[in-house]
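Asks: In the numbering used here, the protein residues as written are 22 to 175.
Built from N, CA and C at the ideal position, the CB exists for glycine as well.
This structure is a prediction, so every number in the text was calculated from the model and none was measured.
First, the structure itself, so that you have it in front of you.
This is the structure:
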């Protein structure tokens, strides 16, 4: 069951959050739980995604990074020489998408013991970081818009 939220009050008091509201409104309703994954925060600006991909090799996996989107997909090549009596490992093709915040980059990926680890880091450009704005000081009477009273002749 999907609950609809009204974001219109937030539109009146926020600027530039349209993408966030669109993500919330268009979030997928059906959640596919395979393959299982963890998202860890390993530092102030670094994250790690771990995906359980038992039975997949490096050649079976594809990781792509698009603007604000990380896509991990896997498709195992069938081996015709193997006859299975029981097939319990879920090695069906998959695609897992992760929406990324602005300025997120993929720092690296590794596959170890059936666990795919993808390291992400947020690298905010220097010009995008918060900065303090100095307030200019003006001379009181001359800059405040006051007009001097004309002098009267004695």
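Can the beta-carbon of residue 60 be found closer than 7 Å to that of residue 70?
Replies: Here residue 60 is taken as the residue at index 39 of the chain shown, counted from 1. Here residue 70 is taken as the residue at index 49 of the chain shown, counted from 1. For residue 60 and residue 70, yes; Cβs fall inside 7 Å.
Asks: In terms of residues, what are the limits of the beta strand (DSSP E) holding residue 102?
Replies: Residue numbering aside, residue 102 sits at position 81 when the chain shown is read from its first letter. Unbroken run through residue 102: none, as it is neither H nor E.
Asks: Since residue 64 and residue 97 should fall inside the 8 Å C-beta cutoff, what is the C-beta to C-beta distance between them, to a whole number of angstroms?
Replies: The residue you call residue 64 lines up with position 43 of the chain shown. The residue you call residue 97 lines up with position 76 of the chain shown. At roughly 33 Å, the Cβ-Cβ gap does not stay under 8 Å, so residue 64 and residue 97 are not in contact.
Asks: Pick helix, strand or coil for residue 144, following the three-state DSSP scheme.
Replies: Looking up residue 144 in the chain shown gives position 123. Residue state, collapsed to three classes: coil.
Asks: Return helix, strand or coil for residue 41, following the three-state DSSP convention.
Replies: What you label residue 41 is simply residue 20 of the chain shown in a count that begins at 1. If DSSP states are grouped into helix, strand and coil, residue 41 belongs with the helices.
Asks: Are the region 119–136 and the region 101–109 touching by the rule of at least three beta carbon pairs closer than 8 Å?
Replies: No, because fewer than three Cβ pairs between the region 119–136 and the region 101–109 fall closer than 8 Å, the two stretches do not touch.
Asks: Which partner residues of residue 118 appear in the DSSP bridge assignment?
Replies: Numbered from 1 along the chain shown, position 97 holds the residue referred to as residue 118. Answer is 92, bridged to residue 118.
Asks: Report yes if the CB atom of residue 89 is closer than 7 Å to the CB atom of residue 143, and no otherwise.
Replies: Locating residue 89 in the chain shown gives position 68, where the first residue counts as 1. Locating residue 143 in the chain shown gives position 122, where the first residue counts as 1. Not a contact, by the Cβ cut-off of 7 Å.
Asks: Which residue wins for smallest C-alpha separation from residue 122, given the options 41, 150, 153, 140?
Replies: Residue numbering aside, residue 122 sits at position 101 when the chain shown is read from its first letter. Residue 122 has its Cα closest to that of 41, out of 41, 150, 153, 140.
Asks: Taking its Cβ as the centre, do 16 or more other Cβ atoms sit within 10 Å of residue 111, making it buried, or is it exposed?
Replies: What you label residue 111 is simply residue 90 of the chain shown in a count that begins at 1. The residue in question, residue 111, is exposed, as its Cβ has fewer than 16 Cβ neighbours within 10 Å.
Asks: Considering only DSSP beta bridges, list what residue 61 is partnered with.
Replies: As a working note, residue 61 is residue 40 in the chain shown. Looking at the DSSP assignment, residue 61 forms a beta bridge with 69.
Asks: So, is residue 93 buried or exposed, given that buried needs 16 or more other C-beta atoms within 10 angstroms?
Replies: Taking the chain shown and counting its residues from 1, the one referred to as residue 93 is at position 72. That one is buried.
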